[in-house]
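Take a look at the structure below.
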Amino acid sequence: MEKFRAVLDLHLKHHSALGYGLVTLLTAGGERIFSAVVFQCPCSAAWNLRYGLVFLLVPALALFLLGYALSARTWRLITGCGCRASATCGSGLRGSLVCAQLSATAALAPLTWVAVALLGGAFYECAASGSAFLAQRLCLDRDRNCAAELPLVPCHEAKASDVQDLLKDLKAQSQVLGWILIAAVIIILLIVTCVSRCLSPVSFLQLKFWKIYLEQEQQILKSKATEHATELAKENVKCFFEGSHPKECNTPSVKEWQQISSVYTFNQKDQYYSMLHKYVNRKEKTHSMRSTEGDTVISVLGFVDSSGINSTPGL
């Protein structure tokens, strides 16, 4: 029991890092399966380039779009906005900042796919062997039929031995590009993280407290919402069968739900820990949830919008 509790505590404390790690492992494993089982280079001058690029880039695009679809912030941003501009949708600049943050998060899986694929080399070897531009550079001072036989190299069917040896060059190029991509992503991630933490309007310990507050708020909100929904459903079913009038049940209006579902903005003057916190206090003071001067989107506080009654949206 103690071991189970320790594992549970570890998951609660580091669920984001564990989630990213799991996504990375699944993506890398999926690429290895595709490379070994599904991928078969056609070894054709007309198809090599297209076929290799499709396997290298199209799954990455699919993973990128899937990252958007599985993010709670995506649906918080667009649900109910439609084609109209409203306070709940946020301004164009605010929406653009949130989209940029969403894109950075969604790029984890596709970058992992591309990096692992480049380290494996199979997709790049196939695509590069069908490129006329690379053929001119690779075939300098080699057999006169080098350019014609280069597409056959991934299938080990090139007749000239010096042409077949180009497979090692293609694999080396692919792996070098893969390591460059990994290094670039790590450096950019480190720089962005350091800058965002430097520009954080709150301290390290307050961020910790903030995340604890959000976890508790969402647990209580889900519990209360379940209790209220159950009570409302029971009352409606009872009235349906008995033909009676329902008791008054105070359920938040559409506007109130929209206000607590809008994109979070930080204000140095009034530091609220969630849109629910902001709604309760501003309603008490001014009866308004309109954006005020100083409301800004802070990248390090993006976790506020990621919380919800359910962390994964129902599609």
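Quick note on numbering: the sequence shown equals residues 22 to 336 in our numbering. By construction, the Cβ of each residue, glycine as well, lies at the ideal position given by its N, Cα and C atoms. Since the model is a prediction, treat every value here as computed from it, not as a measurement.
Rounded to whole angstroms, what's the CA-CA distance from residue i to residue j? Just pull it up for me.
i    : j    : result
V137 : A193 : 14 Å
Y72  : P131 : 18 Å
L297 : S283 : 10 Å
P63  : N69  : 6 Å
S65  : F76  : 16 Å
K24  : G50  : At K24, the pLDDT of 47 sits below 50, so the modelled position is not reliable; the number obtained from the coordinates is stated separately. Taking the straight line joining both Cα atoms gives about 29 Å.
C270 : H249 : 9 Å
Q237 : F261 : 36 Å
I54  : G141 : 11 Å
V318 : C176 : 52 Å
T100 : S117 : 16 Å
S107 : Y293 : Only weak support exists for where S107 lies, its pLDDT of 49 falling under 50; the value from the coordinates is given anyway. If I take the Cα positions, the gap works out to 21 Å.
T109 : L171 : Low confidence applies to T109: its pLDDT is 48, below 50, so where it sits in the model is not reliable, and the reading given next is rough at best. About 57 Å.
A45  : S265 : Before going further, note that residue 45 is Thr rather than Ala in the sequence given. Taking the straight line from one Cα to the other gives about 56 Å.
T95  : T286 : 16 Å
L228 : I212 : 19 Å
S217 : G151 : 43 Å
Q185 : N166 : 12 Å
D162 : C215 : 49 Å
I207 : E52  : 20 Å
D291 : V223 : 13 Å
I209 : K245 : 42 Å
L74  : A153 : 15 Å
C219 : Q289 : 16 Å
E178 : L78  : 26 Å
L253 : A90  : 31 Å
L155 : K276 : 59 Å
A67  : Q240 : 57 Å
R158 : I203 : 26 Å
R303 : T251 : 29 Å
K255 : L87  : 37 Å
A181 : A83  : 39 Å
H32  : L43  : In this prediction, H32 has a pLDDT of 42, which is less than 50 and means its spatial position is unreliable; what the coordinates show is noted afterwards. Their backbone Cα atoms lie some 12 Å apart in a straight line.
I201 : T247 : 50 Å
Going by beta-carbon coordinates alone, are residue i and residue j separated by less than 8 Å?
i    : j    : result
F85  : A121 : no
K243 : F324 : no
P273 : N257 : no
D164 : D183 : yes
V119 : S221 : no
A168 : C160 : yes
V197 : L188 : no
Q279 : Y300 : no
L123 : G199 : no
A143 : F230 : no
What distance in whole Å lies between the Cβ atoms of residue j and residue i, which are believed to be in contact at a cut-off of 8 Å?
i    : j    : result
T133 : T48  : 4 Å
V135 : A81  : 5 Å
Y145 : S195 : 4 Å
G97  : D326 : In the sequence under discussion, the amino acid at residue 97 is Arg, which differs from the Gly named in the question. About 5 Å separates the two Cβ atoms, so the contact holds.
S295 : L226 : Contact doesn't hold; Cβ gap of about 18 Å is too wide.
Following the continuous alpha helix (DSSP H) through residue i, name the residue where it begins and the one where it ends.
i    : result
Y234 : 225-263
E277 : 275-282
D190 : 187-219
F324 : 324-327
Beta carbon of residue i: closer than 7 Å to some heavy atom of the ligand ADP?
i    : result
Y145 : Annotation note on the ligand ADP: not contained in the displayed structure, which lists no ligands.
Extract the residue ranges of the alpha helix (DSSP H) inside the region 96-180, only unbroken runs of 4 or more that lie entirely within it. 113-127, 129-141, 143-150, 153-159, 167-170
Taking only runs of the alpha helix (DSSP H) that begin and end inside the region 33-92, which ones reach a length of at least 4 residues, in chain order? 36-54, 69-90
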